[in-house]
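**Q** Going by our numbering, the final residue of the sequence shown carries number 696, and the count climbs one at a time with no gaps.
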Amino acid sequence: MKNLLCWGLFIALFFGLLNTHAQSMKGFHYQAVARDNAGNLLAGTSVNLSFRIREGNPAGAIVYQEVHALNTNALGQIEATIGKGTAEVGDFSQINWSQQDYFLEVQLNGASVDTSPLEAVPYSKVATEMKMRDLKDVDLASPAPNQVLKWNGTHWVAAEEVAYTAGAGIQISGKTISNTAPDQVVGLTGSGATTVSGTYPNFTIHSTDNVNDADASTTNEIQNLSLSGNTLSLSLGGGSVNLAPFASPWNSSGSNIYFNTGKVGIGDNSPEATLTVGNGDKLKIDGSDGDIEFSDDQGSIRFASSNGANAPMIQMFKSGTNNSTRMLVAHSPNFSNWGIQYNDTADAFNWIGDNQPVFQVQLSGQRRIGIGTFFPEAKMHILANTSTGVGHLKLTETQFDYARITMNNDIHNNFWDIAARTDTNLNNAQFNIYHSDAGDIFSIRATGRVGINDASPSYPLEVNGNGEGRTINVKNTLPATNTSTFNYGVIANLSQSPHTGFPRLFNIYGFSNDVDAYLSYGVYGFADKASNFNYGVYGVSPVSIGYAGYFSGNVYSTGSYLPSDAALKSHIEPLTNGLQTVLSLKPRRYEYDTHKYEFMHLPEGEQYGFVAQEMEQLLPALTRHTFQAYDKPLSDTPEGQGISFKAINYTALIPFLVSAIQEQQQQIDAQQAVIRSLEERLSRLESKINE
Numbered sequence: 006m007k008n009l010l011c012w013g014l015f016i017a018l019f020f021g022l023l024n025t026h027a028q029s030m031k032g033f034h035y036q037a038v039a040r041d042n043a044g045n046l047l048a049g050t051s052v053n054l055s056f057r058i059r060e061g062n063p064a065g066a067i068v069y070q071e072v073h074a075l076n077t078n079a080l081g082q083i084e085a086t087i088g089k090g091t092a093e094v095g096d097f098s099q100i101n102w103s104q105q106d107y108f109l110e111v112q113l114n115g116a117s118v119d120t121s122p123l124e125a126v127p128y129s130k131v132a133t134e135m136k137m138r139d140l141k142d143v144d145l146a147s148p149a150p151n152q153v154l155k156w157n158g159t160h161w162v163a164a165e166e167v168a169y170t171a172g173a174g175i176q177i178s179g180k181t182i183s184n185t186a187p188d189q190v191v192g193l194t195g196s197g198a199t200t201v202s203g204t205y206p207n208f209t210i211h212s213t214d215n216v217n218d219a220d221a222s223t224t225n226e227i228q229n230l231s232l233s234g235n236t237l238s239l240s241l242g243g244g245s246v247n248l249a250p251f252a253s254p255w256n257s258s259g260s261n262i263y264f265n266t267g268k269v270g271i272g273d274n275s276p277e278a279t280l281t282v283g284n285g286d287k288l289k290i291d292g293s294d295g296d297i298e299f300s301d302d303q304g305s306i307r308f309a310s311s312n313g314a315n316a317p318m319i320q321m322f323k324s325g326t327n328n329s330t331r332m333l334v335a336h337s338p339n340f341s342n343w344g345i346q347y348n349d350t351a352d353a354f355n356w357i358g359d360n361q362p363v364f365q366v367q368l369s370g371q372r373r374i375g376i377g378t379f380f381p382e383a384k385m386h387i388l389a390n391t392s393t394g395v396g397h398l399k400l401t402e403t404q405f406d407y408a409r410i411t412m413n414n415d416i417h418n419n420f421w422d423i424a425a426r427t428d429t430n431l432n433n434a435q436f437n438i439y440h441s442d443a444g445d446i447f448s449i450r451a452t453g454r455v456g457i458n459d460a461s462p463s464y465p466l467e468v469n470g471n472g473e474g475r476t477i478n479v480k481n482t483l484p485a486t487n488t489s490t491f492n493y494g495v496i497a498n499l500s501q502s503p504h505t506g507f508p509r510l511f512n513i514y515g516f517s518n519d520v521d522a523y524l525s526y527g528v529y530g531f532a533d534k535a536s537n538f539n540y541g542v543y544g545v546s547p548v549s550i551g552y553a554g555y556f557s558g559n560v561y562s563t564g565s566y567l568p569s570d571a572a573l574k575s576h577i578e579p580l581t582n583g584l585q586t587v588l589s590l591k592p593r594r595y596e597y598d599t600h601k602y603e604f605m606h607l608p609e610g611e612q613y614g615f616v617a618q619e620m621e622q623l624l625p626a627l628t629r630h631t632f633q634a635y636d637k638p639l640s641d642t643p644e645g646q647g648i649s650f651k652a653i654n655y656t657a658l659i660p661f662l663v664s665a666i667q668e669q670q671q672q673i674d675a676q677q678a679v680i681r682s683l684e685e686r687l688s689r690l691e692s693k694i695n696e
């Protein structure tokens, strides 16, 4: 019994076979006892028990998984039959127990308890599922009905059952053969002093004849065969034979013998080659071209251990030969350009197909490896025309992990990894550039997201500056030119497909809200040293309802200009009635509702100006309908996107003010003229009075 601790429980478990024959097809028994941390039985407790059968090793693929909802009994016991639970993965009846090692993982309430190898219990299934053809010593090439298996000395084969017929005095009953008349008289015919005594089943034969073969005949005695020179003799009058006329097919030369007028067969009476060994021409040596051919699937060449640590086991040719290129192993005589070739000049082995390079290994010089080329330009050089999914090199990881290429040098232990992982979930399909000291520096996900110093990017490009003063630094030196060119450090161009919603496009969005910063810039533009004009920030809005710049909050400028060149204008006319217009204006003192419209960042405190609706009655061209979006939409409706309101072009009031002053000045000048005239008249009147 084996005690296991999992999630505060002691589990005592063992495997038991309920019924070997029945269980081998339907399942096998599992029993456990549940205890708490103090060793007390957990009686009447509900538990969820899961079983996983893994293939090959304890962390192998799950071929079957099921779950049981159980209650412990009064003794804390739980029982289940593996194979009869609620299946979650695989089919228990389809497990091929004879082809793999299997491991059983037990989980209690979702936590893994133990993973153990399955030994004997499930393999009773093999016996019930085994076919006769699976037995190695059974040959069922062509069985027929009513045949039986018989042993032929090497295999069990299908054969007809022999029917036995009882002869005289013999009885066959089932598998028993009996003698029905055992007390019969046995006699010997012929002459001589040989007698038989005794009764069945014990008989004694006694002879006093002077013979050497235990019978009464003198004509069939044992003889001797002898050879003297060319004479072969048989004893007891058997005669002799002169062997001199018989000539040997073999010729001799010193201690050598030879035969060159035909073919020699060893174990083969119809040899096809100069030397044939084995019936069916299993080994053939052709004397005309020296070919050695094995026609048996089991044919092999074995070499004994050679003397000396550097002695070659196989030597294809003598040393000192200088053939530039020679074939070592070829497909066949008609396909001599398919096989393994040795190039003596380059000291390289070449694998060729149709005389084209497949693989090369250089044994000297640069000792390079070439795939698809006989002239590798690096330690490994692959030359091929590839396509998507079929590249020059493919790395396949055996588990759900990264396939990697590791790079370092022999001076330092740190290293770089280029790693990639695939998955049907594109969030898990990732390409990383990794350093052993810095971690994942560059990460690409199959969702199209790229992270720099961020292994889990949430956006198409996410950069973590890791404390650097500049997170992104873009530089470019452009070549000299004498034409008009447009050059950009960064271009952002968002586009929106046709829609019924309310999308917002921010081509460049900058914000800074760190309370620890001394100065904070959402967007900072700087331009200097151009030969003509410099633009720190350049904004364009070509539509009448847009703004090249929109600021929600105070705006400060050390200088401000508006276009006023006559070349840019048409229908130029004097502005009249300026004074009347100014006199019709309604200046107001007011405060903005900064609480209700907090998101607009309106100025606080007492303000002075005009009301757009009142201005619109007098000068409608100086008012405009405008819109400010909420920071976050209140709803997916036009009203939920932002607020519409009216604005005034205060700058355009200046000409009216100037015109009013000018008109007022004209009135003042006219009044001054009248005053001077009246003063002159008054002076003349005073003079006359004083006369």
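Every residue gets a Cβ at the ideal spot worked out from N, C-alpha and C, and that includes glycine.
In the DSSP assignment, find the beta strand (DSSP E) that holds LYS289 and state where it starts and stops.
**A** 288-290
**Q** Specify, as a first and last residue, the run of the alpha helix (DSSP H) that LYS31 falls within.
**A** Looking at the DSSP string, the run of the alpha helix (DSSP H) that includes LYS31 is 25-31.
**Q** One question on the structure: do LEU46 and GLY81 come within less than 8 Å of each other, judged by their Cβ atoms?
**A** yes
**Q** Going by the DSSP bridge assignment, what does LEU75 pair with across the sheet?
**A** VAL52
**Q** Do you know how far the Cα of VAL94 is from the Cα of ASP352?
**A** When rounded, the distance between both Cα atoms is 56 Å.
**Q** What does TRP343 pair with, by DSSP beta-bridge criteria?
**A** Secondary-structure assignment with DSSP links TRP343 through no beta bridge to anything.
**Q** Under three-state DSSP, which class holds ILE666?
**A** helix
**Q** Taking the alpha carbon of LYS591 as the reference point, which residue from LYS601, LEU658, GLN646 and GLU644 has its own alpha carbon closest?
**A** LEU658
**Q** Work out the CA separation of ALA675 and LEU627 for me, nearest whole Å.
**A** 32 Å
**Q** With DSSP as the reference, label ALA657 as helix, strand or coil.
**A** Residue state, collapsed to three classes: helix.
**Q** Taking 6 Å as the limit between beta carbons, can you name the residues of its chain near GLU402, skipping five residues before and five after?
**A** ALA408
**Q** Where do the ends of the alpha helix (DSSP H) carrying SER717 lie?
**A** Past the edges of the chain, shown from 6 to 696, lies residue 717, and the structure says nothing about it.
**Q** Leaving aside the five residues before and after GLY544 along the sequence, list all residues of the same chain whose C-beta is less than 7 Å from its C-beta, in chain order.
**A** Taking GLY544 as the centre and dropping the five residues before and after it, the same chain places the C-beta of ALA553 and GLY554 closer than 7 Å to its C-beta, in chain order.
**Q** Got a sec, what are the start and stop residues for the alpha helix (DSSP H) GLN618 sits in?
**A** Per DSSP, GLN618 belongs to the alpha helix (DSSP H) from 617-623.
**Q** Note down, one range per segment and in chain order, each beta strand (DSSP E) of at least 3 residues found wholly within the segment 238-274.
**A** 244-247, 256-258, 261-263 and 269-271
**Q** So does the segment 460-475 actually touch the segment 492-501, counting three or more Cβ pairs closer than 8 Å?
**A** no
**Q** Pick helix, strand or coil for SER682, following the three-state DSSP scheme.
**A** helix
**Q** Which of the three DSSP states is assigned to SER329 in this structure?
**A** Looking at SER329 - three-state DSSP - the assignment turns out to be coil, as it is neither helix nor strand.
**Q** Can you grab the Cα-Cα spacing for the pair GLN346 / ARG454, in whole Å?
**A** 49 Å
**Q** Rounding to the nearest angstrom, what Cα-Cα distance links ARG689 and GLN671 in this structure?
**A** 27 Å
**Q** Relative to the C-alpha of GLY645, which residue among LYS268, ASP636 and ALA425 is closest?
**A** Shortest Cα-Cα distance from GLY645 to any of LYS268, ASP636 and ALA425 involves ASP636.
**Q** Is the beta carbon of GLN612 less than 8 Å from the beta carbon of GLU596?
**A** yes
**Q** Quick check: the Cα distance between SER329 and ASN360, rounded to an integer number of angstroms?
**A** 15 Å
**Q** May I ask you to report which of helix, strand or coil DSSP gives PHE604?
**A** helix
**Q** Between VAL520, LEU662, ARG373 and ASN539, which has its C-alpha nearest GLY583's C-alpha?
**A** LEU662
**Q** How far does the beta strand (DSSP E) with TYR613 in it extend, from its first residue to its last?
**A** 611-614
**Q** Using CA coordinates, which residue listed in GLY527, ASN512 and ASN695 is at the minimum distance from ASP519?
**A** GLY527
**Q** Output the distance between the C-alpha atoms of SER549 and PHE604, rounded to the nearest integer angstrom.
**A** 24 Å
**Q** Spell out whether any CB of chain B is found under 8 Å from the CB atom of ASN419.
**A** Among the chains in the structure shown there is no chain B, since it carries only a single protein chain.
**Q** Can you tell me whether MET620 is buried or exposed, with buried defined as 16 or more other CB within 10 angstroms of its CB?
**A** buried
**Q** Between the Cα of ARG57 and the Cα atoms of HIS504, THR599, THR486 and GLU110, which residue gives the shortest distance?
**A** GLU110
**Q** Grouping DSSP H, G and I as helix and E and B as strand, with all else coil, what is ARG426?
**A** Strand.
**Q** On the DSSP bridge list, what partners appear for ASN437?
**A** Beta-bridge pairing links ASN437 to ALA424 and SER448.
**Q** Would you mind working out which of PHE632, THR656, VAL38 and GLY344 sits nearest SER565, comparing C-alpha positions?
**A** THR656
**Q** When DSSP builds the beta bridges, which residues end up paired with THR91?
**A** VAL72
**Q** Give me the Cα-Cα distance between TYR561 and PRO643, rounded to the nearest whole angstrom.
**A** 32 Å
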